[in-house]
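Residue numbers (my numbering): 12 to 332.
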């Protein structure tokens with residue numbers, strides 16, 4: 012599928028991944044249209060409003076060859092809405108399927124959907140890594156909404172001929188990362204003692220630069236059509252090792268106390284934070300071999316390299332503040 016640097020529509024273009032993706036594809040010579048909810052002042056943006064089954068995509072899809080759909084309602088801790096599943100479905104499932112139908116009607120050639128590893132589940136065992144063809148239906152509202160979107164998109168591909176590519180990333184980190192990863196960097200930078208000195212889990216992560224590179228790889232590669240991929244750096248780490256790597260990027264020694272995992276897990280469950288304990292102490296490993304074997308893709312940056320860029324950006328931001 013050779014597109015000769017044709018036009019790309021990116022949703023979620025103001026987000027963590029979307030901003031970097033738009034920068035790179037523009038630098039590579041692609042014509043980029045940025046779909047936004049409201050005016051942000053970015054170049055080549057089209058305001059489409061809220062994502063859902065009634066979103067008007069007519070203007071945004073004009074002369075578009077490829078859609079990269081990043082926009083989503085993300086996993087929310089302590090969700091306050093009355094029916095979280097209904098809200099996730101409205102945005103992540105119905106919104107994605109509606110956009111794909113309109114894209115097919117507009118003769119879009121390829122639709123790249125950024126899903127989530129949560130479609131595979133929350134934890135892996137010592138003898139199994141998540142694979143793209145795992146037979147599993149998630150119960151988590153966010154994961155289920157992404158799973159249902161995937162099923163709908165593959166159906167549209169079958170019925171219309173528009174090619175669909177599904178990418179399920181694990182935790183994404185890189186310059187500008189927010190939420191828990193940003194908090195972790197703050198703790199490390201301030202040399203706060205942390206009780207994570209004896210965590211021996213294994214988790215797959217993906218660097219922002221690697222994910223963006225893989226998405227671009229999927230724009231043109233003919234063998235990516237109608238396939239599902241799991242993507243990672245290929246360097247799984249424990250929580251303890253990740254903290255050590257982040258400390259190294261700061262040029263600091265980590266202050267990690269070896270508190271038993273069973274004790275921290277029990278404490279987390281007693282205060283209703285069992286899901287947090289799963290992420291900190293449980294394993295989540297993926298098999299990324301399909302990306303390598305089918306598409307010939309390999310990571311373009313190591314974990315240490317991306318962590319150094321992430322920390323440098325964090326420190327620059329701290330200086331500004």
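No residue lacks a Cβ here, since even glycine has one placed at the ideal position from N, Cα and C.
- For residue 253, the enclosing alpha helix (DSSP H) starts and ends at 250-261.
- Residue state for residue 174 is assigned as strand, using DSSP reduced to three classes.
- Looking only at 84, 325 and 186, the smallest Cα-Cα distance to residue 160 is reached by 84.
- As a beta-bridge residue in DSSP terms, residue 122 pairs with 78 and 175.
- In this structure, the CA atom of residue 319 is about 9 Å from the CA atom of residue 256.
- Taking residue 65 as reference, the option from 104, 37, 38 and 79 with the minimal CA-CA separation is 104.
- For a cut-off of 8 Å, the C-beta gap from residue 221 to residue 247 is around 14 Å, too long to register as a contact.
- A check of alpha carbon separations from residue 299 across 282, 53 and 128 identifies 128 as the nearest.
- With a cut-off of 8 Å on Cβ pairs, the segment 166-177 is in contact with the segment 102-117, counting three or more such pairs.
- By the Cβ neighbour-count rule, residue 238 is buried, with 16 or more other Cβ atoms within 10 Å of its own.
- Distance check between residue 68 and each of 54, 44 and 53 places 44 closest, using alpha-carbon atoms only.
- Here residue 240 carries a strand assignment [DSSP, helix/strand/coil].
- Contact between residue 296 and residue 214 is confirmed by a C-beta separation of about 7 Å, below the 8 Å threshold.
- If you look at residue 104, you'll find it isn't in any alpha helix (DSSP H); DSSP assigns it neither H nor E.
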